[in-house]
Amino acid sequence: MYGRCGALDDARKVFDELSERGIGDVVSWNSIVATYVQAGDCRNALRLFDRMTWDSGHVPDAVSLVNVLPACASLGASIQGKQVHAFALRRGLSEDVYVGNAVLDMYAKCGMLDEASKVFKQMEFKDLVSWNAMVTGYSQVGRFDEALSLFEKMEVEKIESNVVTWSAVIAGYAQRGHGHEALDVFRRMCLSGSEPNIVTLVSLLSGCASAGALHQGKETHCYAIKCVLNKLDNDPGDDLMVINALIDMYAKCGSAGVARTMFDLITPEHRNVVTWTVMIGGYAQQGEANGALKLFSEMVNQANFIKPNAFTISCGLMACARLAALRFGTQIHAYILRNQYDSVMVHVENCLIDMYSKSGDIDAGRVVFDHMQHRNTISWTSLMTGYGMHGRGDEALWVFNEMRKAGLVPDGVTFVVVLYACSHAGLVDQGIEYFDAMDRDYGVVPGVEHYACMVDLLGRAGRLGEAMKLIKRMPMQPTPIVWFSLLSASRLHGNVEFGEYAANKLLDIESENDGSYTLLSNIYANARRWKDVARVRSVMKSTGIRKRPGCSWVQGMKGTATFYVGDWTHPQSQQIHEVLTDLILRIKALGYVPQTSFALHDVDDEEKGDLLSEHSEKLALAYGILTTAPGAPIRITKNLRVCGDCHSAMTYISMIINHEIILRDSSRFHHFKKGSCSCKGYW
DNA sequence: TTAGGGTTAG
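First residue of the first sequence? That's 1 in the UniProt record's numbering, and the numbers climb one at a time after it.
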């Protein structure tokens with residue numbers, strides 16, 4: 001009775017008393033073991049089971065084994081589990097379907113699927129639980145194809161699935177990001193007459209979230225209100241789980257507003273750490289990184305304190321990485337160090353590497369990397385990506401070699417990063433070598449993303465003809481990213497012919513991308529083909545496509561300041577413009593000539609020069625100079641690619657100011673120092 | 001006495 005009520009101490013007292021008086025029997029041993037398992041204290045459950053087997057004079061029966069096996073499973077204690085299995089075989093208890101199922105499940109949970117499958121095949125009598133344990137076992141170790149084929153076999157053998165089977169299959173699809181398939185299974189489940197429950201809905205919502213299927217997510221929401229939520233015998237924790245899954249679904253499907261409304265409807269004392277995390281993560285992934293950081297601060301400062309877990313911290317760092325919010329990111333790093341996050345540290349540390357490198361301080365990312373106790377493939381590739389973004393190609397390739405020495409096998413993503421690093425550092429020959437080697441030496445077949453990297457690599461280096469030849473040689477259809485790489489390279493090298501070709505291909509495939517139109521009109525402007533510029537602009541106008549406004553932000557003393565082109569809204573605008581005018585006068589004396597083609601207007605050169613001088617990145621720089629301590633770097637982030645004229649101006653300005661200018665644009669980092677830029681023209 | 005569930009990184 002005490003055991004069933006969760007009163008572990010009381011149950012133990014009664015058990016010890018019975019033992020002392022010598023009147024304990026197998027049932028009392030079984031009950032106490034079960035009580036420990038239920039309380040989550042599997043270690044003590046195992047200890048008691050051992051005492052029962054060796055010291056008590058009683059012989060474990062089928063119930064004892066069924067009690068102790070889940071404890072082995074949840075500890076991953078496969079050696080003890082195997083001993084229990086051997087005991088069952090010796091005692092002839094393995095015929096019992098309960099015992100068989102528990103053994104099978106123990107092997108599955110310890111990741112020993114081949115052992116589990118052997119047990120499954122040898123079972124003379126299988127029930128639905130046996131099949132379900134096998135299906136979920138395969139699914140959870142990532143052998144989802146085998147899980148599915150078992151699921152299909154169940155149909156063939158006319159074994160009727162129950163809610164557990166259906167939910168497990170839905171969850172399997174959802175975990176792999178195959179939301180549409182999850183939805184299909186859900187429909188089949190409803191047709192089969194099986195009634196979805198909370199677990200089904202939570203799994204399904206996770207699938208909708210990963211598929212971005214808002215409509216089906218809403219349908220699931222209706223179903224939840226009608227049939228599942230707020231039922232009298234529901235555990236309130238289960239209801240919250242569904243609500244959390246709904247918030248996550250709405251946020252990931254682009255309805256952060258709806259998600260926020262649901263979040264606000266839950267009173268703070270009812271929210272748990274996942275409620276906060278899904279909302280923060282939703283903002284961070286939907287490009288509302290400012291909202292994410294605001295909520296993160298609110299979470300750690302609220303009266304009803306809930307400690308952020310590794311997931312929350314990762315989401316916060318992701319938001320910092322997007323915004324290049326170095327100061328906030330550093331504060332989160334300090335928070336981690338103060339608050340002991342021992343478990344699942346790898347994930348958080350990987351986020352730290354990413355945050356530091358995307359915020360302009362790749363050396364700090366390297367320090368995090370060097371201090372890691374355990375590293376996985378993502379740790380190595382994150383560091384490599386960082387070096388690549390900063391144009392430090394040699395160091396990126398060094399990381400690649402060290403990674404191989406550490407025994408890690410490069411995969412498709414690794415090679416994207418390697419090629420990206422070569423491209424951004426102008427290491428053309430090495431890039432070609434790696435591209436040739438990836439299939440030959442590593443067995444990684446180049447995908448469309450690797451071809452895109454190669455087009456980028458050759459294109460940046462001005463080898464446009466070779467890039468075009470490579471596209472023609474591709475064994476698959478080029479995706480927009482391939483043509484976009486060719487188009488960017490054509491813009492960089494002022495090649496109208498290739499630019500037009502790539503732009504036409506791109507507009508055939510996806511006509512909504514403002515970036516393609518802007519690049520093409522830049523190419524025409526550079527060639528002074530104003531009629532073509534006007535034509536592109538009129539197409540944009542008639543199709544309603546608008547160029548995204550350029551926007552830059554800089555971390556000043558009083559927080560982050562944001563600027564748009566020609567922006568006069570900042571309270572210090574007057575001063576900012578004075579600084580800028582003065583700087584431009586001074587660099588003109590050093591040889592700077594405004595590159596008017598970037599102004600995109602068919603007006604006379606003097607006026608174009610004026611428009612250029614108000615580009616957002618220049619305004620951000622002037623503000624940075626006003627608010628940054630002498631000698632400290634100025635960190636600017638831009639949402640689009642830096643304009644060529646601004647790039648040239650910043651190179652000159654870095655000769656006359658006592659700051660390094662660290663600029664992150666949508667493509668990479670530029671470090672301007674003493675008259676040169678780290679990108680060496682490769683942007 | 002056995003089976004299923006939500007949030008994170010390249």
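Using N, Cα and C, we set each Cβ at its ideal position, and we do this for glycine too.
Is residue 602 helix, strand or coil when you go by DSSP?
The residue given as residue 602 occupies position 602 in the first sequence. For residue 602, the predicted model reports a pLDDT of 41, less than 50, meaning its position is unreliable; a value from the coordinates is still stated below. Three-state result, residue 602: coil.
Contact under 8 Å by Cβ, residue 545 with residue 514
As a first step, residue 545 must be located in the first sequence, where it is residue number 545. As a first step, residue 514 must be located in the first sequence, where it is residue number 514. Result yes, Cβ atoms of residue 545 and residue 514 sit closer than 8 Å.
Given this structure, state the Cα-to-Cα distance separating residue 362 from residue 621, to the nearest angstrom.
Your numbering for residue 362 matches position 362 in the first sequence. Your numbering for residue 621 matches position 621 in the first sequence. C-alpha separation (whole angstroms): 21 Å.
Once you ignore the five residues that flank residue 629 on each side, which residues in its own chain have a CB closer than 7 Å to its CB?
Here residue 629 is taken as the residue at index 629 of the first sequence, counted from 1. There are no such residues.
When DSSP labels each residue in this structure, what does residue 142 get in the three-state scheme?
The residue labelled residue 142 in the question sits at position 142 within the first sequence. Coil, per DSSP.
Within the same chain, show all residues whose beta-carbon is closer than 7 Å to that of residue 455, passing over the 5 residues directly before and after it, in chain order.
For the purposes of this step, residue 455 is identified with residue 455 of the first sequence, where counting begins at 1. Same-chain partners within the cutoff: 467, 470, 471, 482, 485, 486.
Determine contact between the stretch 249-266 and the stretch 214-227, defined as no fewer than three beta-carbon pairs at a distance below 8 Å.
Segments in contact, yes.
Compare the C-alpha of residue 242 against each of 257, 222, 254, 285 and name the closest.
As a position in the first sequence, residue 242 is number 242, starting the count at 1. Closest option to residue 242, Cα to Cα, is 222.
For residue 536 and residue 616, which I take to be in contact (beta-carbon distance under 8 Å), what is that distance rounded to the nearest angstrom?
Along the first sequence, read from residue 1 onward, the residue named residue 536 stands at position 536. Along the first sequence, read from residue 1 onward, the residue named residue 616 stands at position 616. Under the criterion of beta carbons closer than 8 Å, residue 536 and residue 616 do not qualify as touching, at roughly 22 Å.
Helix, strand or coil at residue 555 according to DSSP, with G and I counted as helix
Indexing the first sequence from 1 puts residue 555 at position 555. Looking at residue 555 - three-state DSSP - the assignment turns out to be strand.
Helix or strand or just coil, what does DSSP make of residue 243?
Locating residue 243 in the first sequence gives position 243, where the first residue counts as 1. Residue state, collapsed to three classes: helix.
Helix, strand or coil at residue 674 according to DSSP, with G and I counted as helix
As a working note, residue 674 is residue 674 in the first sequence. Residue 674 falls in the coil class under three-state DSSP.
Considering only their Cβ atoms, is the gap separating residue 286 from residue 256 smaller than 8 Å?
By 1-based counting over the first sequence, the position of residue 256 is 256. By 1-based counting over the first sequence, the position of residue 286 is 286. Yes, they are a contact pair.
Using the rule of at least 16 other Cβ atoms within 10 Å of the residue's Cβ for burial, across every protein chain shown, is residue 683 buried or exposed?
The residue given as residue 683 occupies position 683 in the first sequence. Residue 683 is buried by the Cβ-count criterion.
By the three-class DSSP mapping on this structure, what secondary structure does residue 609 have?
Taking the first sequence and counting its residues from 1, one reaches residue 609 at position 609. Residue placement at residue 609 is poorly supported in this model, since its pLDDT is 47, which falls under 50; the coordinates still yield a value, given next. Of the three classes helix, strand and coil, the one that applies to residue 609 here is helix, per DSSP.
What is the DSSP secondary structure of residue 341, reduced to helix, strand or coil?
What you label residue 341 is simply residue 341 of the first sequence in a count that begins at 1. Reduced to three states, the DSSP call for residue 341 is coil.
Leaving out the 5 sequence neighbours to the left and right, which residues in its chain are closer than 7 Å to residue 177 when beta-carbon positions are compared?
Here residue 177 corresponds to residue number 177 of the first sequence, with the count starting at 1. For residue 177, where only same-chain residues beyond five positions count, the Cβ hits under 7 Å are 210.
The alpha helix (DSSP H) enclosing residue 275, as first and last residue numbers
Counting from one through the first sequence, the residue named residue 275 turns up at place 275. 273-285 is the extent of the alpha helix (DSSP H) around residue 275.
Helix, strand or coil, according to DSSP, for residue 36 in the structure here?
Taking the first sequence and counting its residues from 1, one reaches residue 36 at position 36. Of the three classes helix, strand and coil, the one that applies to residue 36 here is helix, per DSSP.
Using a 10 Å radius around the Cβ and a threshold of 16 neighbouring Cβ atoms, would you call residue 125 buried or exposed?
As a working note, residue 125 is residue 125 in the first sequence. Label assigned to residue 125: exposed.
Bridge partners for residue 560 per DSSP, in chain order?
On the first sequence, position 560 is the one that residue 560 refers to. Answer is 555.
Residue ranges of each beta strand (DSSP E) within the stretch 494-578, 3 or longer
Secondary structure within the stretch 494-578: the beta strand (DSSP E) runs of 3 or more consecutive residues, fully enclosed, are 551-556, 559-564 (chain order).
Does the contact criterion of 3 or more C-beta pairs under 8 Å hold for the stretch 56-66 versus the stretch 81-94?
yes
The beta strand (DSSP E) enclosing residue 637, as first and last residue numbers
Mapped onto the first sequence, residue 637 falls at position 637. From DSSP, the beta strand (DSSP E) with residue 637 extends over 634-638.
What's the gap between the Cα of residue 631 and the Cα of residue 661?
As a working mapping, residue 631 is identified with position 631 in the first sequence. As a working mapping, residue 661 is identified with position 661 in the first sequence. Each residue's alpha carbon lies about 11 Å from the other.
Need the endpoints of the alpha helix (DSSP H) that residue 48 sits in, please.
To locate residue 48, count along the first sequence from 1; it is residue 48. In this chain, the alpha helix (DSSP H) harbouring residue 48 covers 42-55.
Quick test of the definition: if touching needs 3 or more C-beta pairs under 8 Å, does the stretch 571-581 touch the stretch 650-661?
no
Straight-line gap, residue 606 to residue 612 (C-alpha atoms, nearest Å)
If you number the first sequence from 1, residue 606 lands on position 606. If you number the first sequence from 1, residue 612 lands on position 612. With a pLDDT of 40 at residue 606, under the threshold of 50, the modelled position of that residue is not reliable, and no figure is offered here.
On the CB-based measure, 16 or more other CB atoms within 10 Å of its CB, does residue 637 come out buried or exposed?
Stepping through the first sequence from its first residue, residue 637 is reached at position 637. Classification for residue 637: buried.
Distance check for residue 553 and residue 567, CA to CA, integer angstroms please.
Locating residue 567 in the first sequence gives position 567, counting from the first residue. Locating residue 553 in the first sequence gives position 553, counting from the first residue. Answer to the nearest angstrom: the Cα atoms are 12 Å apart.
Residues of its chain near residue 354, where Cβ-Cβ distance is below 6 Å and the 5 sequence neighbours each way are ignored
On the first sequence, residue 354 is found 354 positions in, with the first residue counted as 1. Contacts found: 321, 382.
Would you identify the three-state DSSP class for residue 125, choosing helix, strand or coil?
Here the question's residue 125 lines up with position 125 in the first sequence. Residue 125: coil per DSSP, three-state reduction.
By how many angstroms is the C-alpha of residue 323 removed from the C-alpha of residue 414?
Your numbering for residue 414 matches position 414 in the first sequence. Your numbering for residue 323 matches position 323 in the first sequence. If I take the Cα positions, the gap works out to 25 Å.
Less than 8 Å between the CB atoms is what I'm expecting for residue 112 and residue 69, so what's the real figure, rounded?
The residue given as residue 112 occupies position 112 in the first sequence. The residue given as residue 69 occupies position 69 in the first sequence. The Cβ separation is near 13 Å, so there is no contact.
Quick one: Cα of residue 307 to Cα of residue 402, how far?
Position 307 of the first sequence, counting from 1, holds the residue named residue 307. Position 402 of the first sequence, counting from 1, holds the residue named residue 402. Cα to Cα, the separation comes out at about 37 Å.
Would you mind listing the alpha helix (DSSP H) stretches within the stretch 428-485 that are 4+ residues and don't spill past its ends, in chain order?
428-442, 448-460, 464-473
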